[in-house]
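Novice: Below is a structure I'd like to ask you about.
In our numbering, the protein residues as written are 664 to 846.
In structure tokens form, the structure reads like this:
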């Protein structure tokens, strides 16, 4: 067996393993969202809180240990770091409330984005090859965005379930790809 053939075989094996692991993790995440939606959302919120605390520690460290920055820059980094750490601690102290708040925030953000996307698509109507599809997309986008704004908590639940279903589908597809890649 030549070195090129061995290298190609190793590359294919590496890609297959990567696809398989990614597919398995994605499938597990989707199942967890559908089986334990509240607990999984709380875990995601906890992970974000850990990230916020770590970011705060980095900012505080930059402010404390950076000798090349000016005084106000260092003070700004320290204050920002303390705000991040405090936010993360508050999130952990009120994990359930933070999870709900985060879900509502994301729903409102997506609702606004969908409304803007619908309006922008209408503004490009003159350049569209298919005006009917552009108008339909704009109408659906604006209606969906308004729905998310009028009922953000319910919309968050629906979006969370859709994410779980999507992750399961993507996980299964990646597992199929892992078994069929390079054959």
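In this text, a Cβ means the ideal position worked out from N, Cα and C, and glycines have one as well.
Since the model is a prediction, treat every value here as computed from it, not as a measurement.
Roughly how many angstroms separate the alpha carbons of residue 816 and residue 764, rounded to a whole number?
Specialist: Working through the chain shown from its first residue, we reach residue 816 at position 153. Working through the chain shown from its first residue, we reach residue 764 at position 101. In a straight line, the C-alpha of residue 816 is about 9 Å away from that of residue 764.
Novice: Relative to the alpha-carbon of residue 744, which residue among 735, 753, 758 and 715 has its alpha-carbon at the smallest distance?
Specialist: As a working note, residue 744 is residue 81 in the chain shown. It is 715 whose Cα lies nearest to the Cα of residue 744.
Novice: Does the distance from the CB of residue 771 to the CB of residue 825 come in under 8 Å?
Specialist: As a working mapping, residue 771 is identified with position 108 in the chain shown. As a working mapping, residue 825 is identified with position 162 in the chain shown. Their beta carbons are not under 8 Å apart, which means residue 771 does not touch residue 825 by this criterion.
Novice: To the nearest angstrom, how far is it from the Cα of residue 832 to the Cα of residue 819?
Specialist: The residue you call residue 832 lines up with position 169 of the chain shown. The residue you call residue 819 lines up with position 156 of the chain shown. Roughly 20 Å between the two C-alpha positions.
Novice: Between residue 696 and residue 827, which are expected to be in contact by the criterion C-beta below 8 Å, what is the C-beta distance as a whole number of angstroms?
Specialist: Against the chain shown, residue 696 aligns to sequence position 33. Against the chain shown, residue 827 aligns to sequence position 164. Indeed, because the Cβ distance is near 3 Å, the residues count as touching under 8 Å.
Novice: Apply the 10 Å Cβ neighbour rule to residue 787 and answer buried if 16 or more other Cβ atoms are within range, or exposed otherwise.
Specialist: Residue 787 sits at position 124 when you count from the first residue of the chain shown. With fewer than 16 Cβ atoms within 10 Å of its Cβ, residue 787 is classed as exposed.
Novice: In terms of residues, what are the limits of the alpha helix (DSSP H) holding residue 837?
Specialist: Position 174 of the chain shown, counted from the first residue, corresponds to residue 837. Residues 815-843.
Novice: So for residue 764, helix, strand or coil by DSSP?
Specialist: Residue 764 sits at position 101 when you count from the first residue of the chain shown. Residue 764: helix per DSSP, three-state reduction.
Novice: In this structure, how does DSSP classify residue 770 when only helix, strand and coil are distinguished?
Specialist: Along the chain shown, one-based indexing puts residue 770 at 107. Residue 770: helix per DSSP, three-state reduction.
Novice: Under 8 Å by Cβ, that's how I've got residue 742 and residue 719 pegged, so tell me the actual separation to the nearest angstrom.
Specialist: For this step, residue 742 is matched to residue 79 along the chain shown. For this step, residue 719 is matched to residue 56 along the chain shown. About 10 Å; that fails the 8 Å criterion.
Novice: Can the beta-carbon of residue 758 be found closer than 8 Å to that of residue 705?
Specialist: Position 95 of the chain shown holds residue 758. Position 42 of the chain shown holds residue 705. It is a contact, given that the beta carbons lie within the stated cut-off.
Novice: Nearest by alpha-carbon distance to residue 778: which of 830, 752, 807 and 669 is it?
Specialist: Here residue 778 refers to the residue found at position 115 of the chain shown. That would be 807, whose Cα lies nearest to the Cα of residue 778.
Novice: Excluding sequence positions up to five away, which residues of its chain have a Cβ less than 6 Å from the Cβ of residue 699?
Specialist: Here the question's residue 699 lines up with position 36 in the chain shown. For residue 699, where only same-chain residues beyond five positions count, there are no Cβ hits under 6 Å.
Novice: In the structure shown, what three-state DSSP assignment does residue 712 receive?
Specialist: Here residue 712 corresponds to residue number 49 of the chain shown, with the count starting at 1. It is helical.
Novice: How about residue 830 and residue 686: do their beta carbons lie closer than 8 Å?
Specialist: Looking up residue 830 in the chain shown gives position 167. Looking up residue 686 in the chain shown gives position 23. No.
Novice: Can you give me the Cβ contacts of residue 804 inside the same chain, cut-off strictly under 8 Å, excluding the 5 residues immediately before and after it?
Specialist: As a position in the chain shown, residue 804 is number 141, starting the count at 1. Cβ neighbours of residue 804 beyond the five flanking positions: 777, 778, 780, 781 and 784.
Novice: Assuming residue 788 is part of the alpha helix (DSSP H), what are its boundary residues?
Specialist: Walking along the chain shown from the start, residue 788 turns up at place 125. First-last for residue 788: undefined, no H or E at that position.
Novice: Along the chain, where does the alpha helix (DSSP H) containing residue 739 start, and where does it finish?
Specialist: Within the chain shown, residue 739 is the residue found at index 76, counting from 1. Here the alpha helix (DSSP H) through residue 739 covers 734-756.
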